[in-house]
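Notes follow once the structure below has been shown.
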Amino acid sequence: MSTAVLDRPVAADKVGAGIIDSDIHPAPAQGGETLKPYMARRWQDHLDLYGQQTNGPYASVYGYPRYMPGTARRDAWPENGGLPGSDLSLMRAQHLDRNDVALGIMEPLGFGQSAHNVEFGAALVSAVNDWQVDAFVDQEPRLRASLVIAHEDARAAVAEIRRRAPDRRYAQIQLVSLAAEPLGRRRYWPIYEEAAAYGLPIGIHVGGPAGARTASGWPAYYNEEHLSLVATMQTHMMSLIFEGVCEYFPQLKFVLIEGGVAWSIPLRKRIDRLWRSMGSEVPHVKRPPSDYVAENFYFSTQPIEEPEAPEDLVHIFEQVGWDRLLYASDYPHWDYDDPKYAFKTEMPEDKMNKVMRSNALGLYRL
Amino acid sequence: MVNTGSDSMKIDCDIHPGVPGVEALLPYMSDFWREQFVNREIDGMELASYPPTAPISCRPDWREKGRPPGSSLETVRRQALDGLGLSLAICNPLYGGQVAMSEHMGTAVSAAVNDWIRHEWLDREPRLRASIVVAAQDPIAAAAEIDRCASSDRRFVQVLMLVANELTLGRRYYWPIFEAAQRHGLPIGIHAGSMQRYPATPTGSPTHLLQDYASAPQMFCAQVQSLLCEGVFSKFPDLTFVLIESGVGWVVPFMWRSTKTWRGVRGEVPWMKRPAIDEVRDRIRMTIQPFDGPDAGPDLERFIEQLGSDDILLFSSDYPHWHFEGSDAMPPGLSSELARKIAWQNPLNTYPRLRESLS
Chain A
19 MSTAVLDRPV AADKVGAGII DSDIHPAPAQ GGETLKPYMA RRWQDHLDLY
69 GQQTNGPYAS VYGYPRYMPG TARRDAWPEN GGLPGSDLSL MRAQHLDRND
119 VALGIMEPLG FGQSAHNVEF GAALVSAVND WQVDAFVDQE PRLRASLVIA
169 HEDARAAVAE IRRRAPDRRY AQIQLVSLAA EPLGRRRYWP IYEEAAAYGL
219 PIGIHVGGPA GARTASGWPA YYNEEHLSLV ATMQTHMMSL IFEGVCEYFP
269 QLKFVLIEGG VAWSIPLRKR IDRLWRSMGS EVPHVKRPPS DYVAENFYFS
319 TQPIEEPEAP EDLVHIFEQV GWDRLLYASD YPHWDYDDPK YAFKTEMPED
369 KMNKVMRSNA LGLYRL
Chain U
225 MVNTGSDSMK IDCDIHPGVP GVEALLPYMS DFWREQFVNR EIDGMELASY
275 PPTAPISCRP DWREKGRPPG SSLETVRRQA LDGLGLSLAI CNPLYGGQVA
325 MSEHMGTAVS AAVNDWIRHE WLDREPRLRA SIVVAAQDPI AAAAEIDRCA
375 SSDRRFVQVL MLVANELTLG RRYYWPIFEA AQRHGLPIGI HAGSMQRYPA
425 TPTGSPTHLL QDYASAPQMF CAQVQSLLCE GVFSKFPDLT FVLIESGVGW
475 VVPFMWRSTK TWRGVRGEVP WMKRPAIDEV RDRIRMTIQP FDGPDAGPDL
525 ERFIEQLGSD DILLFSSDYP HWHFEGSDAM PPGLSSELAR KIAWQNPLNT
575 YPRLRESLS
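For the protein sequence lines, the chains are A and U, in the order given.
In the numbering used here, each residue's number is its place in the first sequence (first place is 1) plus 18.
In the numbering used here, each residue's number is its place in the second sequence (first place is 1) plus 224.
In structure tokens form, the structure reads like this:
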């Protein structure tokens, strides 16, 4: 599965020295079993008997089979038999030490966030929140946890946020992008009120099992499902703007994680034009929508766009805004962006310093 | 006939004559369907994607009191054909049949629209051509309708589908439509608009029409990706797909993203021989209104380079939908050579039947 790196890009040596990674995926070594000690007996039994029901045709695996086992790099499976991302020493060796990661934001996925049974979801995310801190943050000072919530039940989500938010080991609140509805809709606003009150950014990570992946139904292939995740990011960005979330919570910051960046450039043009002709439908949106994109949204870099002319990446970052971008590795997933090789062209050093570290320092509670 | 060889020729690949109502279609229906529509008083089958009163559906200065947008030939002549200086224009009716819940009703209304456009528009105005409207809800019947219209009237230059249907477009379910189109040398036009069977996005229904309409590019991304992944471009080597009213700016980031993912996991779809960057350039065409790309200047020049082919873009006004002001639908800042290709050379190459119009 591996491909040799044939040429070492010119930017390779200029990114070291203490980078901040906005997307590291920790995994419980034995999946749900590992989380059980953090759950009440009732939910342990529920997990054993019923599992986690979400949208999709299979009882225990995802509807679109991944191309790589565990969605992971082949070399990221620990020798001790746990899941990729579960072994802290391997994570240190393969990523934290190797790439001089000064701080890494963990993005746990797959447990509780999209459970149909929201009570069970609340129990699972709470377990994930305890486990992240025990297994990683308390062992490794370079890591921070994400405050994971089951967002479809805003009341329970608010309770979970209040319980954890004062603890500075949590750097952000995390949502998954396949929500039941566009995230600007009112049912989710209690979450934003809490985030604003605690000064926590909201990371929206691609994924989750909700909903047909296209306006034309369910596609057939992982190749298509993977692309549809970009559409979820576009949807939430527009929704948060047009429902008025950015207007009512001007200090709130959203991080769009693993959705790409270049699409936002033409989309800004489109929504600005439509706002000029149909703004009367959204009178609460006071300014051109692209203003909110520039103020309320950050984009994580992985999987970074690969234009045919590699130097076009500089123009993409320029247009998205150097202060809007956060480096992300996606370790240990198969489409991991190595900080030394991901950007295949010479990038301006002072500006990449923002992307690799200083933007994150100004954003997350670190 | 049409004046040829002129650099000022403009072929508009997307205008929307408005069906004034079901009554206009009754003469073109069977007794059964006429009775159904009359006795049940079924009317008002404009698409939810384009509510007639909404700003996107008609530019303010093109509105006529008491009439659906674009529903009179005289007005279309004055505002579009003469007003925008069009040499030829392709009519893309959006009405009723394309989205009907019943495939039988959908097929009947689509056939009526095709006969209506032929008799009430094409017969009365030599500058007009039309797409064959089909009800994709029944691909077999749609293929028969393509055969019927394409073999009897060469002023039908394309097959028209919507971007959001009951299934993703690459699936074998729709292949009878593609076979029929290829048989007659007609491109498949995929127009913005939805059957509304699913939410507009993978993560639910947006609140506002504005968001719904703004989501069109993600629907086009999904459908081009479906055509790619299902192997349609290899299976139908002579078929061209025209993305109509899709916007243009989104396609470059899409080409990069789709191609990058394919490089990683192409083993899943071995029948997909070439990635998006190649298929888009060779097999996809796009109308230019709305453009939603960079403004004139270096960003636009870079975008055209990234697009990587001067053959992709086709001139359109999208009349009477509202995207631009004034009488020039061409995005400003394109080189005169590219503007000429967009205005008529690319349309002539995309729609073989248009050439037959030239004297």
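Glycine included, C-beta positions come from ideal geometry on N, C-alpha and C.
Close beta carbons around A/Met19, own chain, < 6 Å, minus the five adjacent residues each side: Residue placement at A/Met19 is poorly supported in this model, since its pLDDT is 39, which falls under 50; the coordinates still yield a value, given next. The residues are Arg92.
Give the range of the beta strand (DSSP E) segment to which U/Met510 is assigned. 508-511
Since A/Pro351 and A/Ala77 are thought to touch, with beta carbons under 8 Å apart, how far apart are those beta carbons, to the nearest angstrom? Per the sequence shown, residue 351 of chain A should be read as His rather than Pro. Wrong, their Cβ atoms sit about 24 Å apart, outside the cutoff.
Between which residues of its own chain and A/Tyr354 is the CB-CB distance below 7 Å, once the five residues before and five after are set aside? Arg91, Ser347, Asp348
Distance, Cα to Cα, U/Pro423 vs U/Leu572? 36 Å
Per-residue DSSP class, three states only, for A/Ile167: coil
Going by Cα to Cα distance, which pick from U/Asp542, U/Pro556, U/Tyr543 is closest to U/Pro522? U/Pro556
Mind checking if A/Leu343 is an interface residue toward chain U, Cβ cutoff 9 Å exclusive? no
Which residue comes first and which comes last in the beta strand (DSSP E) that contains A/Asp317? Residue identity differs from the one stated: residue 317 of chain A is Phe in this sequence, not Asp. Per DSSP, A/Phe317 belongs to the beta strand (DSSP E) from 315-318.
Test: A/Asn240 CB closer than 9 Å to a CB of chain U: Contrary to the premise, residue 240 of chain A reads as Tyr rather than Asn in this sequence. Chain U contact via Cβ: present.
Of all the options U/Val476, U/His240, U/Phe380, which has the alpha carbon lying nearest to the alpha carbon of U/Asn316? U/His240
Work out the CA separation of A/Gly81 and A/Thr52 for me, nearest whole Å. 23 Å
Under 9 Å between C-beta atoms, does A/His254 make it to chain U? yes
So, A/Ile275 versus A/His223, is the Cβ gap smaller than 9 Å? yes
Should A/Asn98 go down as buried or exposed, given a rule of 16 or more other Cβ atoms within 10 Å for buried? exposed
Does the stretch 129-141 of chain A come close enough to the stretch 156-168 of chain A that 3 or more CB-CB pairs lie under 8 Å? yes
Tell me, please, whether the CB atom of A/Val332 is closer than 9 Å to any CB atom in chain U? no
Who are the neighbours of U/Trp480 on chain A, taking C-beta pairs under 7 Å? Ala280, Glu323, Glu324, Pro325
Taking the beta carbon of U/Asp236 as the centre, do at least 16 other beta carbons fall within 10 Å, making it buried, or is it exposed? buried
Say whether chain U places a C-beta atom closer than 9 Å to the C-beta of A/His134. no
Using the rule of at least 16 other Cβ atoms within 10 Å of the residue's Cβ for burial, across every protein chain shown, is U/Ser273 buried or exposed? buried
Give the secondary structure of U/Asp377 by DSSP, where H, G and I count as helix, E and B as strand, and everything else as coil. coil
DSSP three-state assignment for A/Val248, whether helix, strand or coil: helix
Leaving out the 5 sequence neighbours to the left and right, which residues in its chain are closer than 6 Å to U/Ser334 when beta-carbon positions are compared? Gly321, Val357, Val358, Ala359
Just the chain U side, please: which residues come within less than 9 Å of A/Asp41 by C-beta, in chain order? Those do not exist, as A/Asp41 stays about 17 Å from chain U at its closest Cβ, beyond 9 Å.
U/Cys282 - DSSP class collapsed to helix/strand/coil: coil
Where A/Ile289 meets chain U, residues with beta-carbon distance less than 7 Å: Ala438
With H, G and I counted as helix, E and B as strand and the rest as coil, what does DSSP make of U/Glu266? The sequence given here places Ile at residue 266 of chain U; Glu does not occur at that position. Coil, per DSSP.
Within this structure, are the beta carbons of U/Trp568 and U/Phe539 separated by less than 9 Å? yes
Based on Cα-Cα distance, which residue from A/Arg383, A/Glu323, A/His333, A/Tyr382 lies nearest to A/Lys369? A/His333
Tell me U/Tyr543's beta-bridge partners as DSSP assigns them. U/Ile239
Three CB pairs or more closer than 8 Å across the stretch 523-532 of chain U and the stretch 253-268 of chain U: no
Cβ separation of A/Gly226 and A/Gln131, assumed to be a contact under 8 Å, to the nearest whole Å: 6 Å
Per-residue DSSP class, three states only, for U/Ala336: helix
Output yes or no for whether 9 Å exceeds the beta carbon distance between A/Thr363 and A/Glu329. yes
According to DSSP, simplified to helix, strand and coil, what is A/Tyr310? helix
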